[in-house]
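A quick write-up on the structure given underneath.
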Amino acid sequence: MPVMNLFTPFGVSEFLPEEAARHNQLTQQISQFFESEGFLPIRTPVVEYFDALSKGLDPQLVAQSIRFFDSSGHLMILRPDHTTPIARMVASRLSDRPGPFQFYYISPVFRNTHAEDTPMELFQAGVEWIGTSSPQSDAQVIRHCVELLRTTGFKEIRVDIGHPALAAGLKDADRDALIRNDYVRLGRLPERGPIAVAAHIPELVALDTELHALNLGDVIRYNTGLIREFDYYTGPHFEVYAQGIRQMVACGGRYDRLISKFGHDCPAVGFALNLSLIQEALAQC
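Using the working numbering, the first residue of the sequence shown is number 18, and each one after it goes up by one.
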């Protein structure tokens with residue numbers, strides 16, 4: 018008689034009552050924060066048609082996606098991120114409505130990363146500010162991210178800011194090394210510091226002015242080697258780190274061309290918080 022497997026697949030979540038209570042408390046706290054800042058909740062399907070969603074998916078996400086066929090033979094995909102499905106939804110259902118739109122979400126994404134220490138299911142919380150293109154909106158999104166982390170209990174926070182223009186002209190091997198933070202392979206350490214290291218990029222200079230006006234100058238630094246692994250970022254993008262957590266806890270940026278891949282030209286900016294990582298860190302405090 019075969020032995021019954023009573024365990025879940027690696028990297029998916031199940032919560033005992035006390036764990037579920039902590040998760041619900043955290044998500045309620047985050048929801049209250051987002052709504053106090055003017056964001057409205059949005060929900061995208063866990064399962065989508067691959068052909069429909071892949072129009073906007075970054076190749077890296079396609080490679081990591083979990084796909085299967087439904088009973089009718091359609092190729093389906095488990096939601097691998099939130100930004101792309103929201104872009105599809107805006108283009109298909111909101112193109113005739115005046116913006117801008119401010120949305121937030123709190124739900125998991127699913128990725129097959131082929132890494133033993135990387136979960137398949139990742140809870141995320143984040144915002145998408147759609148229909149506005151300005152350094153003020155970029156700065157406000159960074160402020161929302163920093164303030165949310167402070168609200169959940171983190172005091173020491175650092176925001177690294179980059180821009181696609183900083184990677185212009187890089188060889189593919191060097192770009193890959195930067196994405197992987199492999200500075201040995203790169204042969205140098207990227208320059209990091211105040212806006213002076215990126216003063217040749219007007220968008221970052223304008224963003225820096227707005228961030229200092231929001232009293233965030235002490236938590237930000239510009240990173241000439243910051244390259245996000247997803248290609249849809251078109252302007253300032255950022256990574257966020259918190260004391261006591263070695264991994265990045267949040268990331269985001271401007272993606273002005275993504276929604277147009279679904280037939281509606283509209284600028285946007287947002288961020289995603291690694292809620293799984295945050296909840297684990299808070300549970301250990």
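Glycine included, every Cβ here is placed at the ideal spot set by N, Cα and C. No experiment lies behind these values; they were computed from the predicted model shown.
- Could you tell me whether the Cβ atoms of serine 109 and phenylalanine 279 are closer together than 8 Å? Indexing the sequence shown from 1 puts residue 109 at position 92. Indexing the sequence shown from 1 puts residue 279 at position 262. In contact: serine 109 and phenylalanine 279 (Cβ atoms closer than 8 Å).
- Just mark alanine 80 as buried or exposed, buried being the case when its beta carbon has 16 or more other beta carbons within 10 Å. The sequence position of residue 80 within the sequence shown is 63, counting from 1. Under this definition alanine 80 is an exposed residue.
- Task: Give the DSSP-derived three-state secondary structure of cysteine 162 in the structure shown.
- Result: By one-based count along the sequence shown, residue 162 stands at place 145. For cysteine 162, the secondary structure class from DSSP, reduced to helix, strand or coil, is helix.
- Look at the alpha carbon of glutamate 31 and the alpha carbon of leucine 294, and state the distance between them as a whole number of angstroms. For the purposes of this step, residue 31 is taken as the residue at position 14 of the sequence shown. For the purposes of this step, residue 294 is taken as the residue at position 277 of the sequence shown. Going by the C-alpha atoms only, they are around 15 Å apart.
- Item | Boundaries (first-last residue) of the beta strand (DSSP E) holding isoleucine 295 | Mapped onto the sequence shown, residue 295 falls at position 278. Here isoleucine 295 belongs to no beta strand (DSSP E); instead the alpha helix (DSSP H) covers 292-300.
- Top-ranked residue by Cα proximity to aspartate 248, from Gly28, Gln42 and Asp75: The sequence position of residue 248 within the sequence shown is 231, counting from 1. The option with the nearest alpha carbon to aspartate 248 is Asp75.
- Task: Specify whether the region 142-158 and the region 263-277 touch according to this definition: at least 3 beta carbon pairs, one from each stretch, less than 8 Å apart.
- Result: The region 142-158, when compared against the region 263-277, does touch it at the 8 Å Cβ threshold.
- Message: Would methionine 93 and tyrosine 66 qualify as a contact pair, given that the criterion is a beta-carbon distance under 8 Å?
- Response: Residue 93 sits at position 76 when you count from the first residue of the sequence shown. Residue 66 sits at position 49 when you count from the first residue of the sequence shown. Taking 8 Å as the cut-off, the beta carbon of methionine 93 is found closer than this to the beta carbon of tyrosine 66.
- Message: Per DSSP, what are the beta-bridge partners of aspartate 177 in this structure?
- Response: On the sequence shown, residue 177 is found 160 positions in, with the first residue counted as 1. For aspartate 177, which the question treats as bridged, DSSP gives the partners Arg238 and Glu256.
- Message: Less than 7 Å between C-beta atoms, sequence neighbours within five positions excluded: which residues of the same chain meet that for glutamate 54?
- Response: Taking the first residue of the sequence shown as 1, we reach residue 54 at position 37. For glutamate 54, where only same-chain residues beyond five positions count, the Cβ hits under 7 Å are His161.
- Item | Local Cβ density within 10 Å of histidine 180, reported as buried at 16 or more and exposed below that | On the sequence shown, position 163 is the one that residue 180 refers to. Histidine 180 is buried by the Cβ-count criterion.
- State the Cα-Cα distance for the pair asparagine 291 and valine 266, rounded to the nearest angstrom. Counted from its first residue, the sequence shown places residue 291 at position 274. Counted from its first residue, the sequence shown places residue 266 at position 249. Roughly 5 Å separates the two Cα atoms.
- Message: Using DSSP's beta-bridge definition, name the partner residues of cysteine 268.
- Response: Within the sequence shown, the letter at position 251 stands for residue 268. Partner(s): Glu256 and Ala289.
- Message: Within the continuous beta strand (DSSP E) that includes valine 64, where are the two ends?
- Response: Along the sequence shown, read from residue 1 onward, the residue named residue 64 stands at position 47. Going by DSSP, valine 64 is part of the beta strand (DSSP E) stretching over 64-66.
- Task: Report yes if the CB atom of threonine 101 is closer than 8 Å to the CB atom of leucine 70, and no otherwise.
- Result: Residue 101 sits at position 84 when you count from the first residue of the sequence shown. Residue 70 sits at position 53 when you count from the first residue of the sequence shown. When the beta-carbon positions are compared, threonine 101 and leucine 70 come within less than 8 Å of each other.
- Query: Using the C-alpha atoms, what's the distance from valine 222 back to alanine 37?
  - Reply: Mapped onto the sequence shown, residue 37 falls at position 20. Mapped onto the sequence shown, residue 222 falls at position 205. As the crow flies, the alpha-carbon of alanine 37 is around 43 Å from that of valine 222.
- Is the beta carbon of valine 144 sitting closer than 8 Å to the one on leucine 95? On the sequence shown, position 127 is the one that residue 144 refers to. On the sequence shown, position 78 is the one that residue 95 refers to. Not closer than 8 Å, so no.
- Go ahead and pull the three-state DSSP assignment for arginine 202. Within the sequence shown, the letter at position 185 stands for residue 202. Secondary structure at arginine 202: helix, using DSSP grouped into helix, strand and coil.
- Message: Can you tell me which residues form a DSSP beta bridge with leucine 95?
- Response: Stepping through the sequence shown from its first residue, residue 95 is reached at position 78. Per DSSP, Val64.
- Query: Is phenylalanine 50 helix, strand or coil when you go by DSSP?
  - Reply: For the purposes of this step, residue 50 is taken as the residue at position 33 of the sequence shown. In the structure shown, phenylalanine 50 sits in a helix (DSSP, three-state: H, G or I).
- Taking C-alpha atoms, which residue in Phe288, Gly148 and Val126 lies nearest to glutamate 138? Locating residue 138 in the sequence shown gives position 121, where the first residue counts as 1. Distance check between glutamate 138 and each of Phe288, Gly148 and Val126 places Val126 closest, using alpha-carbon atoms only.
- Could you give the residue range of the beta strand (DSSP E) that holds leucine 228? Along the sequence shown, one-based indexing puts residue 228 at 211. Note, leucine 228: premise wrong, no beta strand (DSSP E); alpha helix (DSSP H) at 219-230.
- Query: What did DSSP end up calling glutamate 35 once you bin it into helix, strand or coil?
  - Reply: Position 18 of the sequence shown, counted from the start, is the residue given in the question as residue 35. Note: glutamate 35 maps to helix in three-state DSSP.
- Under 8 Å between the Cβ atoms of threonine 168 and leucine 43? Within the sequence shown, numbered from 1, the residue matching residue 168 stands at position 151. Within the sequence shown, numbered from 1, the residue matching residue 43 stands at position 26. In this structure, threonine 168 keeps its C-beta atom at 8 Å or more from the C-beta atom of leucine 43.
- In angstroms with no decimal places, state the Cα-to-Cα distance between isoleucine 244 and alanine 184. Along the sequence shown, one-based indexing puts residue 244 at 227. Along the sequence shown, one-based indexing puts residue 184 at 167. Roughly 7 Å between the two C-alpha positions.
- Query: Closest Cβ-Cβ distance between serine 154 and chain B: below 8 Å?
  - Reply: The structure shown has no chain B; it contains just one protein chain.
- Please name the residue in Gly287, Ala298, Gln296 and His281 whose C-alpha comes closest to that of leucine 111. In the sequence shown, residue 111 corresponds to position 94, counting from 1. That would be His281, whose Cα lies nearest to the Cα of leucine 111.
- Message: Which of the three DSSP states is assigned to isoleucine 212 in this structure?
- Response: For the purposes of this step, residue 212 is identified with residue 195 of the sequence shown, where counting begins at 1. Assigned with DSSP and collapsed to three states, isoleucine 212 falls in helix.
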